[in-house]
Amino acid sequence: MPAGPKSARSYVIRGIIYVVVGVVFTFAEYAWHLWSEKPCDPPDAGTESALTTRSFYTYLTTLDWRKPENRITVVITIRADREPKEVFDAFCAHREMLAHLIKEVSVRRPISIVVDNYLSDEPCPVDAQIKQTLQDAGVPVILGLHTLNKSQLQHFLGRPLTDQELKSFERACLVVHDNKNLGLPEGTPLHYGLIRFNADTRKLPLAWNVFTDPGHIGPQDRADPEPTLAAVAAATVPNVKVPALEAHPYTSFLRDYEISAIPAMEVLCAQYRPGTDWRNCEKSGKALDARLEHRVVLIGDDVDADQHDTPVGSMAGVLLHANYIESLVGERYFRPIGEVWQIVGGILLLVLIEFIYVESGSPLAGLAFSIGATAVVWFLCALVSIMTGILPVIWVPGAVALFLRFGEAIRERVMGEHAKE
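For the sequence shown, this note's numbering gives the first residue as 9, with consecutive numbering after it.
What follows is the structure, given as structure tokens:
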């Protein structure tokens, strides 16, 4: 067979390898990006794959690079195995405990108080008490915003969503619902933030577009950006500015035992024993002042129903919020480069691999040098991530293509040997 057609066929095969690898990974990357950015659906472990596990990112966080430090947050946890049973049996008792905790924390001069909970429109006898507590707090208090996703909205409305409503969910997949209008005086430092996380909890949530009325999510209705609980809380810390990023950054994690946490009953009662009346017990006095002063104090439930998967194990939602706040305050996160730059970087790596195989003249040498080049690129990406916090994920397509290209190099060698015979 003449050398010309054989060479042309080889170029075609090489082109197919690089185009297929590039297109598949670009599509997979885009699909994963859409999924991971969503706050509207709970994480589904079944969607994980070798790509979505983000081994490069996982490697960085496993080594605790740019790991947050527990410098600014303290978490007050409410647990079913420790707090009085009535707090979990009746939501009004739970709301009353929140009011008592906010009052006790506010007198200890925290930076702000973050409540990983929302106040529903269901009335309680303690509503006037919690309203007065929030008004008298004297420090910013951030409450959670209750939101509905698509399936929850259908259940709330008692009917399937119309075609127009379903289409509107392409612009925003959350609807604010059921938050108590407290009617506090103007100037009361009360704020709200979205409680939900990204589908991929490794992404630090900053804000999402939400509809503000369950009855109005048509094409003409606005979907405004709403900040998350962590973003609002971080903004209360002096000299901290929450970044305006196109995509949510990745973050490393403090483990649950590395986060300063205090049981709710230790805050409410100086000497707590089972059966103690937490409403009228002896207060802790100044014992907690040093632990809460000049801190962002989070209050939330640590229960089985609110556990989330993270690279360091399952973690309660309130502890995740604390992690995100520490990441924002200390700028201990990884900012992903734009998708266009990821694609450009991947293409350049594919070009480098082709150049190595062409110049090496041997399939094994090409494989060895291309693996070495990929390792060097990987190391440089890690170095950039550590020093700048920028996460340039560009090496995955090349890592696959170099082995496919090795197979084509062997085919070329065999065909060349046959041509000489």
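The beta-carbon is built from N, C-alpha and C at its ideal position, and this holds for glycine as well.
Quick caveat, the model's predicted, so the values are computed rather than measured.
Report task. Note down the Cα distance separating V115 from L109, rounded to an integer number of angstroms. Result -> 10 angstroms
**Report entry** Whole runs of the alpha helix (DSSP H) within the stretch 357-394, excluding any shorter than 4 residues
**Finding:** none
Query raised in the report: Do you know how far the Cα of P193 is from the Cα of K139?
Result: 10 angstroms
Report task. Could you check what DSSP says for H256 in three-state terms: helix, strand or coil? Result -> coil
Query raised in the report: A417 and P371 look like a contact to me (Cβ under 8 angstroms); what is the Cβ gap, rounded to whole Å?
Result: 4 angstroms
Query raised in the report: Y200 bridges to which residues according to DSSP?
Result: L151
Query raised in the report: For A330, which option in D208, R343, R303 and I364 has the closest C-alpha, if you only look at C-alpha atoms?
Result: R303
Query raised in the report: Within this structure, are the beta carbons of V218 and V183 separated by less than 8 angstroms?
Result: yes
Report task. Tell me, to the nearest whole angstrom, how far the beta carbon of V2 is from that of I80; I am working on the premise that it is less than 8 angstroms. Result -> A query on residue 2 cannot be resolved here, the shown segment of the chain reaching from 9 to 429 and no further.
Report task. For the stretch 230-245 and the stretch 365-379, state whether three or more C-beta atom pairs, one from each stretch, are separated by less than 8 angstroms. Result -> no
Query raised in the report: Starting from Y332 and walking both ways along the alpha helix (DSSP H), at which residues does that stretch end?
Result: G325 to G338
Query raised in the report: Roughly how many whole angstroms lie between the Cα atoms of N78 and L328?
Result: 12 angstroms
Requested in this report: With 8 angstroms as the threshold, decide whether the Cβ of T196 is near any Cβ in chain B.
Outcome: No chain B appears in the structure shown, which is made up of a single protein chain.
Query raised in the report: In this structure, does DSSP put F414 in helix, strand or coil?
Result: helix
Requested in this report: Give the single residue among C181, Y258, W216 and Q160 whose Cα lies nearest to the Cα of W73.
Outcome: Y258
Report task. Check K93 in the structure and name its three-state DSSP category. Result -> coil
Report task. Look up H316 in the DSSP assignment and say whether it is helix, strand or coil. Result -> strand
Query raised in the report: From F35 to E266, what does the alpha carbon distance come to, in whole angstroms?
Result: 38 angstroms
Query raised in the report: Grouping DSSP H, G and I as helix and E and B as strand, with all else coil, what is V123?
Result: strand
Query raised in the report: For L42, which of F387, H199, N206 and W286 has the nearest alpha-carbon?
Result: N206
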